[in-house]
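K.L.:
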Amino acid sequence: MGRAASAYYAGRDPFGRAGDFTTAPEISQAFGECLGLWAAVTWQMMGAPAPVRLVELGPGRGTLMADALRAVAEVMPAFRSAAEVHLVETSPALRAAQAARLPGAAWHERAEAVPAGPAILIANEFFDALPIRQFVRREGTWHERFVADGGFVEQPAEAAPALPEAAPDGAIHEVSEAGLAIARHLAVRLQAQGGAALILDYGPAGPGFGDSLQAMAAHGRADPLAEPGSVDITAHVRFPALGAAAREAGAATHGPLPMGLFLQRLGLMSRAAILARSNPHQAGLILSGAERLVAPEGMGRLFKALCLCHPGLAIPPGFEPA
Numbered sequence: 000m001g002r003a004a005s006a007y008y009a010g011r012d013p014f015g016r017a018g019d020f021t022t023a024p025e026i027s028q029a030f031g032e033c034l035g036l037w038a039a040v041t042w043q044m045m046g047a048p049a050p051v052r053l054v055e056l057g058p059g060r061g062t063l064m065a066d067a068l069r070a071v072a073e074v075m076p077a078f079r080s081a082a083e084v085h086l087v088e089t090s091p092a093l094r095a096a097q098a099a100r101l102p103g104a105a106w107h108e109r110a111e112a113v114p115a116g117p118a119i120l121i122a123n124e125f126f127d128a129l130p131i132r133q134f135v136r137r138e139g140t141w142h143e144r145f146v147a148d149g150g151f152v153e154q155p156a157e158a159a160p161a162l163p164e165a166a167p168d169g170a171i172h173e174v175s176e177a178g179l180a181i182a183r184h185l186a187v188r189l190q191a192q193g194g195a196a197l198i199l200d201y202g203p204a205g206p207g208f209g210d211s212l213q214a215m216a217a218h219g220r221a222d223p224l225a226e227p228g229s230v231d232i233t234a235h236v237r238f239p240a241l242g243a244a245a246r247e248a249g250a251a252t253h254g255p256l257p258m259g260l261f262l263q264r265l266g267l268m269s270r271a272a273i274l275a276r277s278n279p280h281q282a283g284l285i286l287s288g289a290e291r292l293v294a295p296e297g298m299g300r301l302f303k304a305l306c307l308c309h310p311g312l313a314i315p316p317g318f319e320p321a
């Protein structure tokens, strides 16, 4: 499930008020600025290698990266000079939007194609759009759920990944094999070449069961089966599984922790207050956007932050123990 995602993104810009959904970089420029400074401090902790690959997976319109680069150019120009921008994007429409904001960037179809070397990677709402498989517990055995003839069908699970041995009848277990494969690749790379990957997405911090498959269109819920390829199909990111896959492949992990807490530790609200004072006519919008990112009733609790990094790297900013 979720296999229509590539067709959905290929020929459209789905972001913003005129699209189907709005992501954190479009809500507040302070988001990208704080992540840029997070990357710069993490680079210093790595020993300031030059060059360093600054990579974004699924960069949307390029808003996050543009905000990040503007901030680091002002605060830490040495990092900006060392950073080579690499974008992992398959959509021609979105590549065009990114090129307008990020001249000089390099594009790749897959994360595995990014050139070797120390790297800092950011993946904001990337893993939720990857395909998933759903398994349903029926009378003590697992069945896989498929889409056929416009609806869902189930059949005994074959060639299935490792599934929980114990689960109540009717439980739904979701697996993103694509997401786990990328987490393993990043872990192997970071362990061998140095660096860190920051993952920001929505999903539970702990293990559990449930059907999280959903579709969005025009900022509202949609039927994921009604018009394949025309709606945004997503599923919750299973952070415990991502972290376990990364650790098994040799990386250290920090988090997941609520995104609101992470952003507050990075100073997002302080930065938003500065922006509001500089733009008094937009102050209300600026502050409400920042609050939406950190508030538990907004995106602050549902969204999580997870860091994968080289085992020898100190704890990156924002992930310090309470």
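Per numbering that gives the first Met the number 0, residue 0 is the first one in the sequence shown, and the count goes up by one each step.
Backbone N, C-alpha and C fix where the C-beta goes; we use that ideal spot for every residue, glycine too.
#1: For Phe20, which of helix, strand or coil comes out of DSSP?
#2: Using 8 Å as the threshold, is the C-beta distance between Ala96 and Gly61 below it?
#3: Could you say which of Ala81, Ile119 and Glu153 lies nearest to Gln192 if we only look at CA atoms?
#4: Helix or strand or just coil, what does DSSP make of His280?
#5: Take Pro320 as the anchor and find which of Phe238, Ala289 and Arg264 has the nearest alpha-carbon.
#6: Hey, would you say Leu199 sits closer than 8 Å to Cys308, going by beta carbons?
#7: Could you give the DSSP three-state label for Val293: helix, strand or coil?
#8: What residue does the alpha helix (DSSP H) around Glu73 start on, and which one ends it?
#9: Let me confirm a value: Asn123 is counted as buried when at least 16 other C-beta atoms fall within 10 Å, else exposed. Which label applies?
#10: Indicate whether Gly259 and Pro295 have their beta-carbon atoms separated by less than 8 Å.
#11: Look at the alpha carbon of Ala98 and the alpha carbon of His235, and state the distance between them as a whole number of angstroms.
#12: Between the alpha carbons of Val187 and Arg109, how many angstroms are there, rounded?
#13: Would you tell me roughly how many angstroms separate the C-alpha atoms of Pro48 and Pro163, rounded to the nearest one?
#14: Roughly how many angstroms separate the alpha carbons of Phe151 and Met215, rounded to a whole number?
#15: Grab the span of the alpha helix (DSSP H) containing Pro91 for me, first residue to last.
#16: Excluding the 5 residues preceding and the 5 following Tyr201 in the sequence, name in chain order all residues of the same chain whose CB lies nearer than 8 Å to its CB.
#17: Please specify which runs of the alpha helix (DSSP H), each continuous and at least 4 residues long, are wholly inside the stretch 157-237, giving them in chain order.
#18: By Cβ distance below 6 Å, which residues in the same chain neighbour Phe145 in space, the five residues on each side in sequence not counted?
#19: Taking the alpha carbon of Ala240 as the reference point, which residue from Ala180, Ala147, Pro50 and Leu36 has its own alpha carbon closest?
#20: When the Cα atoms are used, what is the spatial distance from Ala165 to Ala158?
#21: Which partner residues of Leu53 appear in the DSSP bridge assignment?
#22: Looking at C-alpha atoms only, which residue of Gly116, Ala204 and Ala67 is the closest neighbour of Gln28?
#23: What did DSSP end up calling Leu305 once you bin it into helix, strand or coil?
P.N.:
Walking through what the data contain:
#1: To locate residue 20, count along the sequence shown from 1; it is residue 21. In this prediction, Phe20 scores a pLDDT of 49, lower than 50, which makes its location untrustworthy; the coordinate-derived value is nonetheless stated afterwards. In this structure, Phe20 counts as strand in the three-state DSSP scheme.
#2: Residue 96 sits at position 97 when you count from the first residue of the sequence shown. Residue 61 sits at position 62 when you count from the first residue of the sequence shown. Yes; because the gap between Cβ atoms is below 8 Å, this pair is in contact.
#3: One-based indexing of the sequence shown puts residue 192 at position 193. Per the Cα distances, Ile119.
#4: In the sequence shown, counting from the first residue as 1, residue 280 sits at position 281. Correct three-state label for His280: helix.
#5: Along the sequence shown, read from residue 1 onward, the residue named residue 320 stands at position 321. It is Arg264 whose Cα lies nearest to the Cα of Pro320.
#6: Counted from its first residue, the sequence shown places residue 199 at position 200. Counted from its first residue, the sequence shown places residue 308 at position 309. No, the pair does not count as a contact, with Cβ atoms beyond the cut-off.
#7: In the sequence shown, the residue the question calls residue 293 occupies position 294. Three-state result, Val293: helix.
#8: Here the question's residue 73 lines up with position 74 in the sequence shown. Element bounds for Glu73: Thr62 to Val74.
#9: If you number the sequence shown from 1, residue 123 lands on position 124. Per the 10 Å Cβ criterion, buried.
#10: To locate residue 259, count along the sequence shown from 1; it is residue 260. To locate residue 295, count along the sequence shown from 1; it is residue 296. For Gly259 and Pro295, yes; Cβs fall inside 8 Å.
#11: Taking the sequence shown and counting its residues from 1, the one referred to as residue 98 is at position 99. Taking the sequence shown and counting its residues from 1, the one referred to as residue 235 is at position 236. The alpha-carbon atoms of Ala98 and His235 are separated by roughly 29 Å.
#12: Locating residue 187 in the sequence shown gives position 188, where the first residue counts as 1. Locating residue 109 in the sequence shown gives position 110, where the first residue counts as 1. Val187 and Arg109: Cα-Cα distance of roughly 15 Å.
#13: As a first step, residue 48 is located in the sequence shown; it is residue number 49 there, counting from the start. As a first step, residue 163 is located in the sequence shown; it is residue number 164 there, counting from the start. Going from the Cα of Pro48 to the Cα of Pro163 covers about 42 Å.
#14: To locate residue 151, count along the sequence shown from 1; it is residue 152. To locate residue 215, count along the sequence shown from 1; it is residue 216. Distance between the alpha carbons of Phe151 and Met215 is about 19 Å.
#15: Start at 1 with the first residue of the sequence shown, and residue 91 comes out as number 92. Taken as a continuous stretch (DSSP letters only), the alpha helix (DSSP H) holding Pro91 covers Pro91 to Arg100.
#16: What you label residue 201 is simply residue 202 of the sequence shown in a count that begins at 1. Closer than 8 Å at Cβ, skipping near neighbours: Glu124, Asp127, His235, Val236, Met298, Leu301, Phe302 and Lys303.
#17: 176-192
#18: Counting from one through the sequence shown, the residue named residue 145 turns up at place 146. Hits under 6 Å: Val152.
#19: Mapped onto the sequence shown, residue 240 falls at position 241. The candidate whose alpha carbon is nearest that of Ala240 is Ala180.
#20: To locate residue 165, count along the sequence shown from 1; it is residue 166. To locate residue 158, count along the sequence shown from 1; it is residue 159. Each residue's alpha carbon lies about 19 Å from the other.
#21: What you label residue 53 is simply residue 54 of the sequence shown in a count that begins at 1. Beta-bridge pairing links Leu53 to Val84 and Ile119.
#22: Numbered from its first residue, the sequence shown carries residue 28 at position 29. Cα-wise, what sits closest to Gln28 is Ala67.
#23: As a first step, residue 305 must be located in the sequence shown, where it is residue number 306. If DSSP states are grouped into helix, strand and coil, Leu305 belongs with the strands.
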